[in-house]
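Participant: The number in the working numbering is simply the position in the sequence shown, starting from 1, with 12 added.
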Amino acid sequence: MTTRSEAVCRQMNSKNNVRVKPLSNEDAWKLFMEVLGHDRSLSPQVEQVARDITRECAGLPLGIKTIAGIMKGVDGMHEWSDALEDLKQSKVPQDEVEEKVFRILRFSYTHLNDEDLQQCFLFCGLFPEDFKIPREDLIDYLIDKGVVKRQKSREAEINKGHTMLDRLEKVCLLEILGGGDHVKMHDLIRDMAIQILEENSQAVVKAGEQLKELSDAEWSEKLQSVSLMHNQIKEIHSGHSPRCPNLSTLFLLGIYADSFFKQLHGLKVLDLSRTNIECLPDSVSDLEGLTSLLLRHCERLSHIPSLKKLRLLKRLDLSNAPLKKFPHGMECLSSLRYLRMNGCGENKFPGGILPKLCDLQVFILEAWIENGDIDIYAPVTVEGKEVGCLRKLESLECHFKDQSNYLEYLKFRDATQTLRTYKIVVGQLSRWKSRYNISGSKLVVLGNLNIIRDGDFLVFSSSDIQQLICDCIDARSIGDVLPLKYRLSSCNSMESLVSTSWFCSAPLPQPSPSYNGIFSALKLLSCYGCKSMKKLFPPVLLPNLVNLEEIEVEDCEKMEEIIGGTSSDEEGAIGEESNEFKLPKLKNLMLLRFASAVTAFN
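1) Let me know the secondary structure DSSP gives residue 146 once reduced to three states.
2) Can you tell me the Cα-Cα spacing of residue 284 and residue 604, whole angstroms?
3) Any idea which residues DSSP pairs residue 291 with across the strands?
4) When the Cα atoms are used, what is the spatial distance from residue 232 to residue 419?
5) In this structure, how does DSSP classify residue 47 when only helix, strand and coil are distinguished?
6) Return the CA-CA distance between residue 305 and residue 140, expressed in angstroms with no decimal places.
7) Between the Cα of residue 202 and those of 113, 168 and 153, spot the shortest distance and give me the residue it belongs to.
8) List the endpoints of the continuous alpha helix (DSSP H) containing residue 393.
9) Would you mind giving the Cβ-Cβ distance between residue 132 and residue 154, rounded to the nearest angstrom? I have them listed as a contact below 8 Å.
10) May I ask you to report which of helix, strand or coil DSSP gives residue 67?
11) Run through the segment 207 to 248 for me and flag every whole alpha helix (DSSP H) of 4 or more residues, listed as ranges in chain order.
12) Going by the beta-carbon positions, is the gap between residue 40 and residue 82 smaller than 9 Å?
13) Under a Cβ-count criterion, where at least 16 other Cβ atoms within 10 Å of its own Cβ denotes burial, should residue 234 be classed as buried or exposed?
14) Taking only the alpha-carbon atoms, compute the straight-line gap between residue 359 and residue 393 and give it to the nearest angstrom.
15) Could you give the distance in angstroms between the alpha-carbon of residue 302 and the alpha-carbon of residue 280?
16) Using 8 Å as the cut-off, can you tell me whether the segment 220 to 228 makes contact with the segment 236 to 249, which would need three or more C-beta pairs spanning the two stretches below that distance?
17) For residue 609, count neighbouring Cβ atoms within 10 angstroms of its own Cβ and tell me buried if that reaches 16, exposed if not.
18) Kindly indicate which residue of 368, 348, 422 and 433 has the alpha-carbon position closest to the one of residue 408.
19) Just confirm the distance between the C-beta atoms of residue 353 and residue 330, as a whole number of angstroms; I'd bet it's less than 8 Å.
20) DSSP three-state call for residue 55: helix, strand or coil?
21) CB-CB under 7 Å to residue 95, same chain, minus the five flanking residues each way: which ones, in chain order?
22) My output table needs one value for residue 606: the three-state DSSP class, helix, strand or coil.
23) Mark residue 513 as exposed unless 16 or more other C-beta atoms lie within 10 angstroms of its C-beta, in which case mark it buried.
24) For the 8 Å Cβ check, are there 3 or more pairs between the segment 355 to 371 and the segment 174 to 191?
25) What is the rounded straight-line gap between the Cα of residue 599 and the Cα of residue 440?
26) Using only CA atoms, which one of 298, 312, 299 and 274 lies nearest to residue 291?
27) Is it true that the CB of residue 129 sits closer than 9 Å to the CB of residue 179?
28) May I have the straight-line CA-CA distance separating residue 436 from residue 238, to the nearest angstrom?
29) By alpha-carbon positions, which one of 29, 557 and 574 ends up nearest to residue 596?
30) Return the CA-CA distance between residue 242 and residue 221, expressed in angstroms with no decimal places.
31) So what's residue 460 in DSSP terms, helix, strand or just coil?
32) Just to confirm, is the Cβ distance from residue 263 to residue 138 under 9 Å?
33) Suppose you measure from the CA of residue 376 to the CA of residue 166; what does that come to, to the nearest Å?
34) In its own chain, which residues sit with a C-beta less than 8 Å from the C-beta of residue 323, not counting the 5 before and 5 after it?
35) Quick check on residue 478: does DSSP put it in helix, strand or coil?
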């Protein structure tokens, strides 16, 4: 058992108590300089003040690390002296260890000297103790709250959010976990954040305290933030209607009567994710100042009221909420920048809505709904022309019914527009989620399509595509793609990856830039279950495969050659250098389950 209180030891009848003493002055100074940076050279005057600051930390490692983090990069004598004076003025009785730490940590908070960064720090205190906060979710919240100010793009806002979290980590007020995808607050630092939040009754933070009911006494008119996430509150009685006109952030779990939200007109961020609510109260429709409505993983939610009045709403997240129909009034959400949802029981997204959401930056239309241990595949298609009209779009996940819809999207989108991430499905899919482990942030999946051209499918796409997955395509070949990764699966009619007809109409003396660098960025080619394919690469492609690292071919019954060709047309296209080629970066060649012997290289 560890504790900061001797009283706890006495209450537990502990017999062998081991007191962890504070660091000595010399050890404290070593730790201070280690965090500050061993390469720092301090003038004698500054060093003396720095040693005095270290002594003010009373040998407490957390305080020493936090203060040293704050003082990184500070050179001026005046700033060091001012910091020392601030610490001295916040003296508390020396026998209260926790209060000593709070005094030091409060100094670190004050000396962030950035109101937005301070708000970012305090927002982290709304999460439960020792909670691993997903970094992306946290940044989305900061954008919703306006802590991250409006930038020219959502990507710029996300970068700003990462910068703020990195700054808090550098001054030891946040811990970065694992690969950097999560952050966490030390429990004492969180306690200090809550202490600041709850000053003047401006916040109630009871996250993770296993509460079973709400106390009416805590809902004061001064409240600005309430966090009751990760509790056991099952239901809020119908008579409970808190009068909190300044409340802007509300994290709740439970089932709420319609009266609960009637007097919360200042609410900006409402997160009811992972609750058991079946219907969102009608009173939410009147929260005209709401900027963020989050209903993620509400697995029983079947209905939400009209959104017509929520014209300031910027973020609407209905992911994994099995609504029976699309919410009414979505076309009125003219400020919406983030929309994530599923098909709401329909197989097509309603027309006429997307063109009115002209500020939309993120549009994610999910095809899968999690229902307990079962994932339900319920794809919903969207009109390509309407998606193409979204000029500010940065992230896209959607499903086009067929090739013509996909081409409509490419036709109407802004040619100068660059999506940060996209996952686009074209046509019908089978075994989608169980079959593919999707990687990469720029992906196109081609399903069972009705091919327009004479047996060949020309993939029109941007040059930044990272992965192209082809499933059950009734085509003889594919052309005009520049992916970083490439996968073919179950293409039973495909005879070759690329037909030479795509390159030239007459033989050329040698490979030349006229091939447009096709596959020049290709690193990985995986080919599965293509029953009619006889050869993978025609020789004409070889000069372009300079970045190819891996080839995986499996269960292709008629495959005869991986690289090579025998037709006179292709030999003419290659010219005299056909017997000499190089794949300088090829590392792995995997060939599995063939009906007969296969020639890797002719």
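Glycine residues also receive a C-beta, built at the ideal position from the N, C-alpha and C atoms.
Just so you know, these numbers come straight off a predicted model, no measurement behind them.
Facilitator: By the coordinates alone:
1) strand
2) 49 Å
3) 315
4) 56 Å
5) helix
6) Here the alpha carbons of residue 140 and residue 305 stand approximately 21 Å from one another.
7) 113
8) Per DSSP, residue 393 belongs to no alpha helix (DSSP H) and is neither H nor E.
9) 6 Å
10) helix
11) none
12) no
13) Counting Cβ neighbours within 10 Å, residue 234 comes out exposed, since fewer than 16 surround it.
14) 6 Å
15) 4 Å
16) yes
17) exposed
18) In terms of CA proximity to residue 408, 433 leads the group 368, 348, 422 and 433.
19) 4 Å
20) Secondary structure of residue 55 (DSSP, three-state): coil.
21) 65, 83 and 123
22) coil
23) Note on residue 513: pLDDT 46, under 50, position unreliable in the model; the coordinate value appears next. So residue 513 counts as exposed.
24) no
25) 34 Å
26) 312
27) yes
28) 38 Å
29) Nearest option by C-alpha distance: 557.
30) 7 Å
31) strand
32) yes
33) 15 Å
34) 300, 344, 345, 346 and 347
35) Coil at residue 478, not helix or strand.
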